[in-house]
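Counting from 1, one number per residue, gives the positions in the sequence shown under the UniProt record's numbering. Virtual Cβ for every residue (Gly too), placed ideally from N, Cα, C. Have a look at the structure below before the remarks.
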Amino acid sequence: MKNLFVAVEGPIGVGKTSLMHRLAEQYGLREERELVAENPFFSSFYADIPRWAFQTEMFFLTSRYTQLRDLGQDARGVVADYHIHKNLIFARRTLGPAELDKLLRVYDVLTEGLIQPDLTIFLDAELPVLRERIALRAREEEVLIQDQYLENLRADYRDYYESLTRSGGNALFLDTTGTDFVHDEADFARILETIRTAAGETR
């Protein structure tokens, strides 16, 4: 694990940042945290998605690109709570055809040759659990998220996981519905063993 670039992915509220932090503590990894609060459009996004989606996604795309570009060859020993592919997942749900086409063209240019994770961990949880975790972190703008939006993201991330594994990428899918890896050490130990096994497959 100390020599790998690990990305943690999944729908809103599933626990990506929490797992990233625990893995970083466990293995002495560098944390690469997604820049959410820095996005000037994010606070308006869920209140009016059609109006703010393009600005929001473009900011995330360029900031994620800059973060991953700056990692360069130092990405070994890094765990991130995102990867740049998530732009495609969200953009395809929120943008109209013309704006999506623009973003995809920029995405293709920026991601050419960009470093890819050695292991991508996909977290999932059922809707009531996502709602509970979103409420606990108390981001005001996320209260407006619709249930169907969250369910769509769950499906999109599962599709991405399946696509990644079919193409030969090293990926791990974890259903965390009945798991509290933040506060329950036994739960974390079980998840950690599964991650260790998956990480060993990259060597």
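Review point. Contact check, V6 vs I121 under 8 Å by CB: the rounded distance?
Key: Start at 1 with the first residue of the sequence shown, and residue 6 comes out as number 6. Start at 1 with the first residue of the sequence shown, and residue 121 comes out as number 121. Yes, V6 and I121 are in contact; Cβ-Cβ is about 7 Å, under 8 Å.
Practice item. Determine the direct distance from the alpha carbon of L103 to that of V8, and round the result to whole angstroms. Key: As a working note, residue 8 is residue 8 in the sequence shown. As a working note, residue 103 is residue 103 in the sequence shown. For V8 and L103, the distance between alpha carbons rounds to 23 Å.
Check your understanding: What is the DSSP secondary structure of E32, reduced to helix, strand or coil?
Key -> Position 32 of the sequence shown, counted from the first residue, corresponds to residue 32. The DSSP-derived three-state label of E32 is strand.
Check your understanding: Nearest-angstrom Cα distance between E25 and R154?
Key -> For the purposes of this step, residue 25 is taken as residue 25 along the sequence shown, with counting starting at 1. For the purposes of this step, residue 154 is taken as residue 154 along the sequence shown, with counting starting at 1. So the two alpha carbons sit approximately 27 Å from each other.
Point to revise | Best match in T176, I195, N170 for proximity to E132 [C-alpha to C-alpha] | key: Sequence index remark: in the sequence shown, residue 132 carries index 132 (1-based). Residue nearest to E132 within the set T176, I195, N170 is T176 (criterion: CA-CA distance).
Point to revise | Pair within 8 Å by beta-carbon distance, I49 and I134 | key: Along the sequence shown, one-based indexing puts residue 49 at 49. Along the sequence shown, one-based indexing puts residue 134 at 134. No, they are not a contact pair.
Check your understanding: Which residues share a DSSP beta bridge with F5?
Key -> Walking along the sequence shown from the start, residue 5 turns up at place 5. Beta-bridge pairing links F5 to V78.
Review point. Would H83 be called buried (16 or more neighbouring beta carbons within 10 Å of its own) or exposed?
Key: For the purposes of this step, residue 83 is identified with residue 83 of the sequence shown, where counting begins at 1. The C-beta of H83 has 16 or more other C-beta atoms within 10 Å across all chains shown, which makes the residue buried.
**Study point:** Boundaries of the beta strand (DSSP E) in which T120 is found, first to last residue
**Key:** What you label residue 120 is simply residue 120 of the sequence shown in a count that begins at 1. It spans 119-124 - the beta strand (DSSP E) in which T120 sits, taken as one unbroken run.
Practice item. Indicate whether the contact test is met: 3 or more Cβ pairs, each with one atom in the segment 103-115 and one in the segment 58-74, closer than 8 Å. Key: The answer is yes - the segment 58-74 touches the segment 103-115, with three or more Cβ pairs under 8 Å.
Review point. So who's on the other strand from F173, going by DSSP bridges?
Key: Position 173 of the sequence shown, counted from the first residue, corresponds to residue 173. Per DSSP, the beta bridge partners of F173 are F122.
**Study point:** Assigned secondary structure, E112 (DSSP; H/G/I helix, E/B strand, else coil)
**Key:** The residue given as residue 112 occupies position 112 in the sequence shown. E112 falls in the coil class under three-state DSSP.
Exercise for review: Might you give, ordered along the chain, the residues of its own chain that have their beta carbon closer than 6 Å to the beta carbon of R64, omitting 5 neighbours on each side?
Suggested key: Mapped onto the sequence shown, residue 64 falls at position 64. Around R64: I84.
Check your understanding: Is it the case that the Cβ atoms of F181 and L61 are separated by a distance below 8 Å?
Key -> Here the question's residue 181 lines up with position 181 in the sequence shown. Here the question's residue 61 lines up with position 61 in the sequence shown. No; because the gap between Cβ atoms is not below 8 Å, this pair is not in contact.
**Study point:** Unbroken alpha helix (DSSP H) run spanning F59, endpoints
**Key:** On the sequence shown, position 59 is the one that residue 59 refers to. The continuous alpha helix (DSSP H) containing F59 extends over residues 49-71.
**Study point:** Extent of the continuous alpha helix (DSSP H) run through A91
**Key:** For the purposes of this step, residue 91 is identified with residue 91 of the sequence shown, where counting begins at 1. For A91, the enclosing alpha helix (DSSP H) begins and ends at 86-94.
Exercise for review: Quick one: grab the DSSP three-state call for D156.
Suggested key: For the purposes of this step, residue 156 is taken as residue 156 along the sequence shown, with counting starting at 1. D156 falls in the helix class under three-state DSSP.
Review point. Do you know how far the Cα of A47 is from the Cα of Q55?
Key: In the sequence shown, counting from the first residue as 1, residue 55 sits at position 55. In the sequence shown, counting from the first residue as 1, residue 47 sits at position 47. Between Q55 and A47, the C-alpha separation is close to 14 Å.
**Study point:** Cα-Cα separation between I145 and N170, rounded to whole angstroms
**Key:** Here residue 145 refers to the residue found at position 145 when the sequence shown is read from its first residue. Here residue 170 refers to the residue found at position 170 when the sequence shown is read from its first residue. When rounded, the distance between both Cα atoms is 31 Å.
Point to revise | Check whether G10 and K16 have beta carbons under 8 Å apart | key: Translated into positions along the sequence shown, residue 10 becomes position 10. Translated into positions along the sequence shown, residue 16 becomes position 16. With respect to K16, G10 sits close: the two C-beta atoms are nearer than 8 Å.
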